[in-house]
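Step one of this worksheet: look at the structure below.
Chains as they are written, first to last, in the numbering used here: chain H, 16 to 210; chain D, 270 to 730.
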């Protein structure tokens, strides 16, 4: 996983709520067995509309997506995270995220930033007024900064550390393989196996 | 202070706890299907890792499979299913492939085999894993990175979510089902209402539900944004489990039941949040919009966006009406549908098929009607009971087991502009096929709708 410490870029304002993962990447794209090539599937149905914000050349090159509340609800498909990253996003900002999407993002190094609803909407307005607005998302300081605004966001210390170091969860857990073995020996005897 | 059911099950599974870190949680059962696993197995191969506990892992083919007999026509789907077969063989994981008597939708087969038991932790790369919480365990959906993590370590690092009680008082009136209850709950708390919580469904109406009904309720917990949903195990749970292939037997059964009886929220436990709902006031529910929170009693009309005070909800409603091709003020009962789908991990169990058959018996459908059993075993049982003859005589299509029209990934889809009454769980834009329009309903409402061609409650027939 690529480490995330701080990122500065421009943004796309996505003025929609309840952006479920079926919209982020429709199911037909989930038939692939690889981890790459999902950028063309990102918002595939919505992108057919020429008016859709990702089709607006004004926002070309943006690396931060600023959405309405409840981004990434629904299906657990991690393909949604892959599609966003492969399209070029490094950060998604919203007032609320689906729990599974948020988890998946932090496993892959896509930073989900929760800002209070009015702050996310303020940022959308600021980007609409100036599409080239530079926005800095600073994980070390837990801040989003644009123009004169400095807005703090919350993220737990452990996830922050893991993202900043770019660490793989499996490697971290395997350090505790002995604890797992001890636990396994004490499991209730009636628990089922699939054998 | 007492503990909630969720806290008890969580604590039982903590392998390691350290300050400032998530708990390392042991996973008792890992369910796998073809869609969210290939990249996880690739990850294991790249790192030279094995599956730690293939004996706590089980795989099935469900999302991509056609529900008519024959091979998979789509080469991309076929490759995905073949990839699962290769991975299962290479890593020594039990697989129920298409055509196998044990095949079916991943959340139907776990309970059916008796692999889903009270007090367990269960995960799957599928958000509807919350279904299994109906037995009183903690069950939740995960992404592919976490699938790989569980394969490699049989654990997951996680922070314990907050706890929410949804207290359902009173009795569900006749003709009102578990599906109507959960649609009403989601409409009440919203698609984000459960975010960050494990929900425990409690109260008289919940205790009265069958296991099938409990699974329907827990299944859609994710539609309210909850990480998991659960119901304390009781005699209904034990009766469902007893004698199933993987349920404990003999002395182990007695030990297990004794432990399972301790899996209830203590009287003095405190939930982080409590929501109350009176079951006796409910009527059949349907959705009118493009998220599962946009639902209303069938007797009502399509709402006006102006009726929403919150500007975000208002613009979501405007957009939803536009996508759904609906006008504010139209009575929901006047909405005509082209297709009816009975099936999915929400409503593809035997009880669901029985209730649909009861309504279709001696009647004719006016819409394309797909009846899709959730598993091969459900199909066999339905055929033993003669339900398939009822469906066929009514003009409905009787299919093979699979996810079918729930998700627009296999040949069963809506065409652009087509409208369905569907017993599945998601009415998202394009969920059942690009441009398709979905109304979520119970199996009973689905069957009655098939008869009239308009959204209809059985009592209206």
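All residues carry an ideal CB built from backbone N, CA and C; glycine is no exception.
Could you tell me which chain H residues have their CB closer than 8 Å to the CB of residue 521 of chain D, listed as they occur along the chain? Here residue 521 of chain D corresponds to residue number 252 of the second chain, with the count starting at 1. Chain H residues near residue 521 of chain D: 204 and 205.
Over the uninterrupted beta strand (DSSP E) stretch that includes residue 47 of chain H, give me the two end residues. Position 32 of the first chain, counted from the start, is the residue given in the question as residue 47 of chain H. For residue 47 of chain H, there is no enclosing beta strand (DSSP E), as DSSP marks it with neither H nor E.
Residue 49 of chain H burial status per 10 Å Cβ neighbour count (16 or more: buried): Stepping through the first chain from its first residue, residue 49 of chain H is reached at position 34. Residue 49 of chain H should be labelled exposed.
Determine which residues of the region 351-372 of chain D have a Cβ less than 7 Å from any Cβ of chain H, and write them out in chain order. Under the 7 Å Cβ criterion, the region 351-372 of chain D contributes 352 and 363.
Give a yes or no on whether 8 Å exceeds the smallest Cβ distance from residue 189 of chain H to chain D. Here residue 189 of chain H corresponds to residue number 174 of the first chain, with the count starting at 1. With 8 Å as the cut-off, residue 189 of chain H counts as an interface residue toward chain D.
Counting only beta-carbon separations shorter than 8 Å, does residue 348 of chain D have a partner in chain H? Against the second chain, residue 348 of chain D aligns to sequence position 79. True, the Cβ-Cβ gap to chain H drops below 8 Å.
Below 8 Å, can you find three or more Cβ-Cβ pairs linking the region 36-45 of chain H to the region 675-694 of chain D? yes
Unbroken stretches of the beta strand (DSSP E), 3 residues or longer, contained in the region 119-189 of chain H: Fully enclosed beta strand (DSSP E) runs of no fewer than 3 residues occupy 126-129, 150-153, 158-161 and 164-167 of the region 119-189 of chain H, in order along the chain.
Does any C-beta atom of chain H lie closer than 8 Å to the C-beta of residue 395 of chain D? Counting from one through the second chain, the residue named residue 395 of chain D turns up at place 126. It does; some Cβ of chain H falls within 8 Å.
Residues near residue 365 of chain D by beta carbon distance below 6 Å, same chain, minus five either side: Locating residue 365 of chain D in the second chain gives position 96, where the first residue counts as 1. Only 329, 371 and 372 meet the Cβ criterion.
Secondary structure at residue 496 of chain D, three-state DSSP: helix, strand or coil? Translated into positions along the second chain, residue 496 of chain D becomes position 227. Three-state result, residue 496 of chain D: coil.
Around the Cβ of residue 155 of chain H, are there at least 16 other Cβ atoms within 10 angstroms (buried) or fewer (exposed)? Taking the first residue of the first chain as 1, we reach residue 155 of chain H at position 140. Its Cβ having fewer than 16 others within 10 Å, residue 155 of chain H is exposed.
Distance check for residue 706 of chain D and residue 686 of chain D, CA to CA, integer angstroms please. Here residue 686 of chain D refers to the residue found at position 417 when the second chain is read from its first residue. Here residue 706 of chain D refers to the residue found at position 437 when the second chain is read from its first residue. C-alpha separation (whole angstroms): 7 Å.
Apart from the five residues just before and just after residue 397 of chain D, which ones in its own chain have a Cβ nearer than 6 Å to its Cβ? Locating residue 397 of chain D in the second chain gives position 128, counting from the first residue. 376, 488 and 614.
So which residues of chain H does residue 528 of chain D contact, with C-beta pairs closer than 9 Å? Looking up residue 528 of chain D in the second chain gives position 259. Within 9 Å Cβ-Cβ: 203 and 205.
Indicate the three-state DSSP secondary structure (helix, strand or coil) for residue 614 of chain D in the structure shown. Taking the first residue of the second chain as position 1, residue 614 of chain D is located at position 345. In the structure shown, the three-state DSSP call for residue 614 of chain D is helix.
Strictly below 7 Å CB to CB, what residues from chain H border residue 325 of chain D? Numbered from its first residue, the second chain carries residue 325 of chain D at position 56. Ordered by position in chain H, the residues that pass the 7 Å Cβ test against residue 325 of chain D are 208 and 209.
Own chain partners of residue 445 of chain D with C-beta closer than 8 Å, once the 5 adjacent residues on each side are dropped: The count along the second chain starts at 1 and reaches residue 445 of chain D at position 176. Contacts found: 548, 551, 552 and 553.
Secondary structure, alpha helix (DSSP H): runs of 4+ residues fully inside the region 324-399 of chain D: 344-360 and 375-382
With a threshold of 6 Å on Cβ separation, who are the neighbours of residue 669 of chain D within its own chain once the five nearest residues in sequence on each side are excluded? Residue 669 of chain D sits at position 400 when you count from the first residue of the second chain. Correct list, in chain order: 336.
Rounded straight-line distance, which links the Cα of residue 93 of chain H to that of residue 280 of chain D: Counted from its first residue, the second chain places residue 280 of chain D at position 11. Counted from its first residue, the first chain places residue 93 of chain H at position 78. About 28 Å.
State yes or no: is the C-beta of residue 532 of chain D within less than 8 Å of the C-beta of residue 274 of chain D? For the purposes of this step, residue 532 of chain D is identified with residue 263 of the second chain, where counting begins at 1. For the purposes of this step, residue 274 of chain D is identified with residue 5 of the second chain, where counting begins at 1. Result yes, Cβ atoms of residue 532 of chain D and residue 274 of chain D sit closer than 8 Å.
Counting pairs of Cβ atoms below 8 Å between the region 692-700 of chain D and the region 661-668 of chain D, do you hit three or more? The region 692-700 of chain D, when compared against the region 661-668 of chain D, does not touch it at the 8 Å Cβ threshold.
Pop quiz: residue 490 of chain D and residue 463 of chain D are said to be a contact at Cβ under 8 Å. What is the actual Cβ separation, rounded to whole angstroms? Numbered from 1 along the second chain, position 221 holds the residue referred to as residue 490 of chain D. Numbered from 1 along the second chain, position 194 holds the residue referred to as residue 463 of chain D. Residue 490 of chain D to residue 463 of chain D, Cβ: 6 Å. Contact.
So, does the CB of residue 88 of chain H fall closer than 8 Å to a CB anywhere in chain D? Stepping through the first chain from its first residue, residue 88 of chain H is reached at position 73. Yes, residue 88 of chain H counts as interfacial toward chain D.
What does residue 40 of chain H reach in chain D if we use C-beta pairs closer than 7 Å? Here residue 40 of chain H refers to the residue found at position 25 when the first chain is read from its first residue. Per Cβ cutoff of 7 Å: no residues; residue 40 of chain H is ~11 Å from chain D at best.
Using a beta-carbon distance cut-off of less than 7 Å, what residues from the region 109-125 of chain H approach chain D? Per Cβ criterion, the list reads 111, 113, 114, 115, 118, 119, 122 and 123.
Going by CA-CA distance only, name the one from D:301, D:272, D:671 and D:655 that's closest to residue 333 of chain D. Numbered from its first residue, the second chain carries residue 333 of chain D at position 64. It is D:671 whose Cα lies nearest to the Cα of residue 333 of chain D.
Which whole-angstrom value is the C-beta distance of residue 617 of chain D and residue 374 of chain D, which I expect to be below 8 Å? Counting from 1 along the second chain, the entry for residue 617 of chain D is found at position 348. Counting from 1 along the second chain, the entry for residue 374 of chain D is found at position 105. Yes, they are in contact, since the Cβ atoms of residue 617 of chain D and residue 374 of chain D sit about 6 Å apart, within 8 Å.
For residue 609 of chain D, would you say it is in contact with chain H, using Cβ-to-Cβ distances shorter than 8 Å as the test? Residue mapping note: residue 609 of chain D aligns to position 340 of the second chain, counting from 1. Taking Cβ atoms only, chain H never reaches closer than 8 Å to residue 609 of chain D, which makes this a no.
Sequence-distant residues of its chain with Cβ nearer than 6 Å to residue 402 of chain D (five each side left out): Walking along the second chain from the start, residue 402 of chain D turns up at place 133. The beta carbon of residue 402 of chain D is closer than 6 Å to those of 408, 487, 497, 498 and 499 in its chain, skipping five residues each way along the sequence.
Along chain D, in chain order, which residues have C-beta atoms closer than 7 Å to that of residue 85 of chain H? If you number the first chain from 1, residue 85 of chain H lands on position 70. What residue 85 of chain H touches in chain D: 460 and 461.
Local Cβ density within 10 Å of residue 21 of chain H, reported as buried at 16 or more and exposed below that: Working through the first chain from its first residue, we reach residue 21 of chain H at position 6. Classified as exposed, residue 21 of chain H has fewer than 16 neighbouring CB atoms from the shown chains inside 10 Å of its CB.
Could you spell out the range, first to last residue, of the beta strand (DSSP E) harbouring residue 82 of chain H? Position 67 of the first chain holds residue 82 of chain H. Residues 79-82.
Span separating the alpha-carbon of residue 118 of chain H from that of residue 149 of chain H: Within the first chain, numbered from 1, the residue matching residue 118 of chain H stands at position 103. Within the first chain, numbered from 1, the residue matching residue 149 of chain H stands at position 134. Distance from the CA atom of residue 118 of chain H to the CA atom of residue 149 of chain H, rounded to whole angstroms, is 27 Å.
Helix, strand or coil: which one does DSSP assign to residue 411 of chain D? Reading the second chain from its first residue, position 142 is the one you call residue 411 of chain D. Coil, per DSSP.
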